[in-house]
Each structure stands twice: as structure tokens, then as C-alpha cells.
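Read through the structure below, which is laid out as C-alpha cells, and then see the notes.
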Amino acid sequence: MSVTAKPAQSVPDHHAQFIELLETSLAQNAFIKLVLAKHVGAEADLQRLIIKQLTVKDQPCLSFVYRYKTRDITKNFPLAEGVANIAALLPASFRNAHLLSLTDEIQLEYSKKGKSTLFRGKAQQEREVPSAEHNREKNRYLELNRPFLTDLGVTNRQHELIPAMSRKWKQINKFIEVFSHALGSSPIQLDRPVRVADFGSGKGYLTFAIHDYLCNTRQAEAQVTGVELREDMVSLCNAAAARLEHPGLVFKCGDVRSVAPSELDVMIALHACDIATDYAIHTGIRSGAAIIMCSPCCHKQIRQQIQSPALLKPMLQYGLHLGQQAEMVTDSLRALFLEACGYETKVFEFISLEHTNKNKMILAVKRAEPQDPARLLAKIEELKTFYAIQEHCLETLLRGDGYLS
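Every letter in the sequence shown is one number past the one before it in UniProt numbering, and letter 196, counting from 1, is 196.
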């Protein structure tokens, strides 16, 4: 009796099939999301990797969000490099991959012994490909899943916005949006540590936000200092920075006069009262900051000096208008002094911050080529003469250092 040998059955290459399906979904613009889970790599705290498609500077990219227990790290790769990275991670670092596309739901699993299984099913409901534009969700520059937002009480443990903190969340996001645009037009280089000081940091919402944005979104090394007079707030924030593993973030007790860094890239002072804003701007200029962000509060020094022209007195007999005039003149002079010191300066309405109705921001970005200050200084003198202003604190500080001579 003869025995006919059966042909050997080939073992399916599920890894190659999965990568091919991934590449097809990207090529057909059907890719929605890929999640790598069951981490078995060397990094003990890494839980999963979430991958989405973005368009950055008109180039399609894959955005890798490495989710750890206490933080997320985001890295963007060109499509081909991103796919190659995914192929290398399976199964060396992750044993489960879940691919979601417009029409399919595909899962690749590896057993502890390395045996692979590929599941493929049709989408249970109609889906849409998310927009690939960077910062697409309501112009959000930070995501709600950032760990510091939970620690500071902005979101709950499920990373859902706490309703009472919705206003604060808008403020944080708007602040980072303004900073992001300023950073893009500034001479700051992200291949070296970015030095930031936030004067009047309070509970640290914006201080944590700018550190998180620089480190995780812009992939830069950040040395951020929050300066606050209240010792309890300083202790609270330093404990949070240590707990959340924010290297390079520190809080110090003091104010703009007692804590004055010699070199800065970014100077922030929101709601520094009256001439404290002038001291903050002076610190930014003196330390060579490329970006200065101020939200002034109170304008007592100039209001006490202003002598309104006779023609304007009927209009300015009302206290509200008199205060608005003092605010406008004070901040206009601040902006002009910044221009004279080599900054491109904008004054605009910023979202109202908690516990105050002050919502003006002075944003100054250092010019590549400074202008001749003579014309600006002449305009400043004309304004001072018109309103009979004898002294402006910022001018006194700048002249003392020889900036306006």
C-alpha cells in the first residue's frame, strides 16, 4: 500500500498581513486609529501606545502618544517611518494591536509563546475619518487626558472636564494657543533648554501647562520656574511637580524683585498689580527674553499723575472713563517701550481669568532686527507731555540700565 504524503501547510504571516492592512488603510485615507497594548518591553510604566494621523506643516504624519501611568509623551513621525516603527514594536514591545479603519476592525494578538492570531471584522457602524489637521479639536493645544489637569482638579480620574472648571480649562488652552503662535515667530531654538519664568504662578495651572506643552507637544527640554509669594502654593506645586514627574519644573517663593533670573527665553506675568507689571517687563528685557507675556492689573501710578486736557474733562468726569483712560495710556506706553527695546508688540483682549475681569494681554516677541528707537521715544515724550505724565515706572527702570539712552 502506497502512502501519499500531504503537502506541508504554510504558517500564515499575520505580522506581515497586519502591516499590509495598516498601509492600505493609510493609502485609502480610511485609517482612524491604532492602539498597541499588552506592553512587554523594558519600560515598566508604559501602558499603551495610541497612534493617529496628523498633518504637520502640510506633511502627513503618524502621531504616537506613549501613555504612561502618570504622563503622556507624544512623538510625530513621517508615515513610512511610523509604519516601520509599528512593525518593529510587534511583538517585541506589544502583544496586542487594534486597528480601526472606516470599514474594518482588525486585531493582532500574540500569546506568551509568541503564537499570533489575526481577527478581522467589519465596522459595526458608519464612521468618519477624523480631521488630520494638527490642533484640530476646537483649537485645543492641550488634551484633557494630561495628568497634571487631573492632579490640579481640572479633570476627574477619567480625564473628563469637571464642569466647575470649564472656565479655567478655556483659560489654560487659550494661554497655550497664544504662546504657541508667539513661539513660532520667535528666535527661540528648541534644540536647547527653553528657560521660562512665570511670576505670580498661583496654583500653577499655566506653569504646568507651558512645561507640559514644551516637553510633550514640542519635544523640547524645558526649565520652567514658577514664582509665587504664598509659601503654601509653592509647596503644593513643588509636590505636584515631583509626583507627576515634571523634570525641570520648580516653584520658588518670592516675587519679581526677589527672584530675578539672569537669563530667560520666556517671561510671564499675569495680573501683576500696578508697577509690578513694569518690574516684570523690565526683568524680561534685562534677561534677554525672546517672549514677554503680561496681563496688567491696576494702573494706579499713571492715574494719579494724569492731567486730562480741558477738551476731554467733560468726558472724563465719570470715574469709569477716567480709569479706562489711565489703563489705556499706561499699557500703550508699556507697549511702546517694548517696541523701543527691540520687540514686536501686540495689545489684545485675552480670555478673562478667574477672580478678575481684567482680560488684556501685552505680548512682545523679540525682533530679528531691532528698529531705531529714536522715533518711538519721540512719540512717547509727546504722549507724556499731552497727559502731563512725569514718571512711568518702566521707563525709570529701563533708563537706569541704559536701555533708552
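Note that the Cβ used here is the ideal one computed from N, Cα and C, for glycine as well.
C-alpha gap between residue i and residue j, whole angstroms
i: C297; j: C61; result: 43 Å
i: V227; j: I73; result: 26 Å
i: H181; j: L316; result: 37 Å
i: T396; j: G202; result: 28 Å
i: A27; j: I51; result: 16 Å
i: L183; j: K115; result: 49 Å
i: R67; j: L46; result: 6 Å
i: R136; j: I176; result: Caution is warranted here: a pLDDT of 43 is assigned to R136, below 50, making its placement in the model unreliable, and the coordinate value is therefore given only provisionally. Cα-Cα distance, rounded: 14 Å.
i: R192; j: S63; result: 23 Å
i: Q324; j: N359; result: 13 Å
i: M293; j: V266; result: 8 Å
i: A326; j: I32; result: 54 Å
i: F179; j: G153; result: 23 Å
i: Q390; j: Q305; result: 7 Å
i: Y205; j: G121; result: 44 Å
i: N96; j: D274; result: 58 Å
i: A272; j: R230; result: 14 Å
i: L190; j: G319; result: 47 Å
i: C253; j: R375; result: 40 Å
i: L79; j: Q59; result: 9 Å
i: R146; j: T155; result: 9 Å
i: S308; j: E143; result: 48 Å
i: A44; j: T70; result: 12 Å
i: A378; j: H392; result: 15 Å
i: A222; j: T150; result: 21 Å
i: P163; j: S235; result: 27 Å
i: C237; j: G288; result: 27 Å
i: C215; j: E160; result: 23 Å
i: L99; j: S25; result: 9 Å
i: Q301; j: N76; result: 49 Å
i: G342; j: L264; result: 16 Å
i: H211; j: M165; result: 20 Å
i: L36; j: Q371; result: 53 Å
i: I380; j: L398; result: 14 Å
Residue i classed as buried or exposed, judged by whether at least 16 other C-beta atoms fall within 10 angstroms
i: A335; result: buried
i: R157; result: exposed
i: S405; result: exposed
i: K57; result: exposed
i: residue 408; result: As shown, the chain starts at 1 and ends at 405. That puts residue 408 outside it, with no answer to give.
i: F348; result: exposed
i: L34; result: buried
i: G41; result: exposed
i: P247; result: exposed
i: T55; result: exposed
i: N29; result: exposed
i: residue 408; result: Any answer about residue 408 is impossible in this case: the structure gives the chain only from 1 up to 405.
i: F208; result: buried
i: P187; result: exposed
i: E369; result: exposed
i: E245; result: exposed
i: F350; result: buried
i: F119; result: exposed
i: S101; result: buried
i: D278; result: buried
i: T117; result: exposed
i: Q171; result: buried
i: L311; result: exposed
i: G82; result: buried
i: D331; result: buried
Terminal residues of the beta strand (DSSP E) in which residue i lies
i: S116; result: S116 to K122
i: K112; result: Run containing K112: none; DSSP gives neither H nor E here.
i: I362; result: K360 to K366
i: V347; result: Y343 to E349
Unbroken alpha helix (DSSP H) run spanning residue i, endpoints
i: S308; result: Per DSSP, S308 belongs to no alpha helix (DSSP H) and is neither H nor E.
i: P147; result: P147 to D151
i: A335; result: G319 to A340
i: Q17; result: H14 to A27
i: T396; result: C393 to G400
i: L383; result: A374 to F386
Near the ligand NAP: residue i beta-carbon under 7 Å from a heavy atom
i: Q223; result: The ligand content of the structure shown is nil, which means the ligand NAP is not present either.
Residue-chain proximity (residue i, chain B), Cβ-Cβ < 8 Å
i: Q189; result: Of the chains in the structure shown, none is chain B; there is only one protein chain.
Quiz item: Taking one C-beta from the stretch 254-266 and one from the stretch 192-206 each time, how about it: are there three or more such pairs within less than 8 Å?
Solution: yes
Quiz item: Below 8 Å, can you find three or more Cβ-Cβ pairs linking the stretch 77-97 to the stretch 107-122?
Solution: yes
Quiz item: Where in the UniProt domain "Methyltransferase" (167-305) do unbroken runs of the alpha helix (DSSP H), each at least 4 residues long, occur, reported from the N-terminal end onward?
Solution: 205-212, 231-243, 276-286 and 300-305
Quiz prompt | Segments assigned alpha helix (DSSP H), at least 4 residues, entirely inside the stretch 38-106 | solution = 79-89
Quiz item: Quick one: any contact between the stretch 361-369 and the stretch 380-387, if contact means 3 or more CB pairs under 8 Å?
Solution: no
Quiz item: With contact counted as at least three CB pairs below 8 Å, one residue from each stretch, are the stretch 223-243 and the stretch 276-289 in contact?
Solution: no
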